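Residue 0 is where the sequence shown starts when you use numbering that gives the first Met the number 0, and the numbers rise one by one after that. C-beta atoms are modelled at their ideal positions from N, C-alpha and C, and glycine is treated no differently. Quick caveat, the model's predicted, so the values are computed rather than measured.
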Amino acid sequence: MTASSPLSPKRVHMMDELRGVLILLVALYHLLYDLAVLFPVGIPWMFDPWMNNLRNLCTGTLIFISGISCLYSRSNLRRGLKTFLWGMALTVGTFLVMPSQLILFGILHFFGVSMMLYPLLRPLLDKIPTGIGMWSCVALYFLTFHVYSGVFGLPALGLSVPMPDFLYGHPLLFFVGFPAEGLSSADYYPLIPWIFLFLAGTFCGRWLRAGKFPDFVYQSHNPQLAFIGRHTLLIYLVHQPLFYGLLTLIFFLVSGR
């Protein structure tokens with residue numbers, strides 16, 4: 000059995016390291032968000048378009064990597080259910096402690112649902128050639144990125160058509176990507192458009208698992224970052240309560256109250 004055999008895939012150390020970098024950047028973003036929104040610190044550029052694009056790049060890459068990981072998981076259904084339940088725990092927690100920052104369908108909900116959907120979709124996806132599947136999913140991501148705003152296509156290039164009105168306003172379609180009046184989520188990653196990045200990752204995972212990438216992708220470069228990357232769920236769950244608690248303490252001491 001060779002190292003690139005489907006039954007004995009090479010470990011992709013660079014993927015762990017990249018995931019470590021990304022979760023640190025996500026944590027930094029949330030720290031800045033807390034300072035800009037929850038505490039009296041002015042950060043005027045926090046919600047500028049370039050910052051939103053940087054946030055989407057980081058989380059989009061994490062979503063792509065999560066799709067890759069499906070090719071290495073023993074049970075995507077079990078992994079997805081666990082992640083979704085953690086997402087629901089955040090929903091309950093934000094509802095009880097900080098309702099103004101309620102998370103109805105955040106990144107953990109998205110990861111959980113996507114992981115559970117993958118085993119159901121895999122018989123169909125396995126029939127699609129890898130390259131065609133991956134690039135088609137990337138194209139669909141960009142084409143559906145503005146579905147939330149009511150259009151399909153590339154409006155910046157003048158290439159878009161309006162989406163049907165009947166898709167919008169139904170609470171049960173909120174998680175799919177169609178907004179409904181009265182529903183909002185402080186952390187919102189609906190299936191559309193993000194599911195297409197996730198599926199693109201599952202196609203790319205075929206190449207990685209088969210050992211078709213350059214050797215440096217599989218080699219270890221920074222064990223510390225790789226360690227962080229292997230514990231992204233734990234870090235995601237604890238960093239926000241930790242930041243909020245520390246900032247609350249700091250501002251309490253500074254204010255003298």
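By the DSSP assignment, the beta strand (DSSP E) with residue i in it spans what residues?
i, result
"Pro161", "158-161"
"Gly152", "150-153"
Would you mind reading off the limits of the alpha helix (DSSP H) that contains residue i?
i, result
"Ser113", "106-124"
"Ile265", "Here the chain comprises residues numbered 0 to 256, so residue 265 is not present and cannot be evaluated."
"Val96", "75-96"
"His12", "12-32"
"Trp49", "48-68"
"Gly130", "129-143"
"Gly253", "First, the residue type needs correcting, since residue 253 is Val and not Gly in the sequence shown. Unbroken alpha helix (DSSP H) run through Val253: 231-254."
I'd like the list of long-range same chain contacts for residue i, defined as Cβ closer than 6 Å, with 5 residues on each side in sequence excluded.
i, result
"Phe195", "Cys136, Leu139, Tyr140"
"Tyr71", "none"
"Arg18", "Ile64, Gly228, Thr231"
Between residue i and residue j, which are expected to be in contact by the criterion C-beta below 8 Å, what is the C-beta distance as a whole number of angstroms?
i, j, result
"Leu190", "Val112", "7 Å"
"Tyr243", "Asp33", "6 Å"
Look at the alpha carbon of residue i and the alpha carbon of residue j, and state the distance between them as a whole number of angstroms.
i, j, result
"Tyr167", "Ser219", "47 Å"
"Pro161", "Tyr147", "11 Å"
"Pro5", "Gly228", "Legend: pLDDT at Pro5 = 42, less than 50; position of this residue unreliable, no value from coordinates given."
"Ala155", "Arg10", "40 Å"
"Leu142", "Val150", "9 Å"
"Pro240", "His29", "11 Å"
"Met0", "Met97", "Note that Met0 scores a pLDDT of 28, beneath 50, so its modelled location is shaky and nothing firm can be said."
"Leu76", "Leu119", "9 Å"
"Gly200", "Val91", "30 Å"
"Val20", "Gly181", "36 Å"
"Leu233", "Gly157", "42 Å"
Suppose the cutoff is 8 Å on Cβ atoms and the five residues either side in sequence are ignored; what does the same chain contact list for residue i look like?
i, result
"Phe250", "Phe38, Pro39"
"Phe215", "Met13"
"Ser159", "His145, Val150, Phe151, Gly152, Leu153"
"Arg78", "Ser72, Met114"
Under 7 Å, Cβ to Cβ, is there at least one residue of chain C near residue i?
i, result
"Leu61", "Absent here is chain C; the protein component of the structure consists of one chain."
For residue i, which residues from the same chain have a beta carbon less than 7 Å from its beta carbon, with the 5 sequence-adjacent residues on both sides left out?
i, result
"Gly105", "Gly86, Leu89, Ser184, Asp186, Tyr187, Tyr188"
"Ser254", "none"
Runs of alpha helix (DSSP H) wholly within the stretch 162-219 (minimum 4 residues, chain order)
190-208, 214-217
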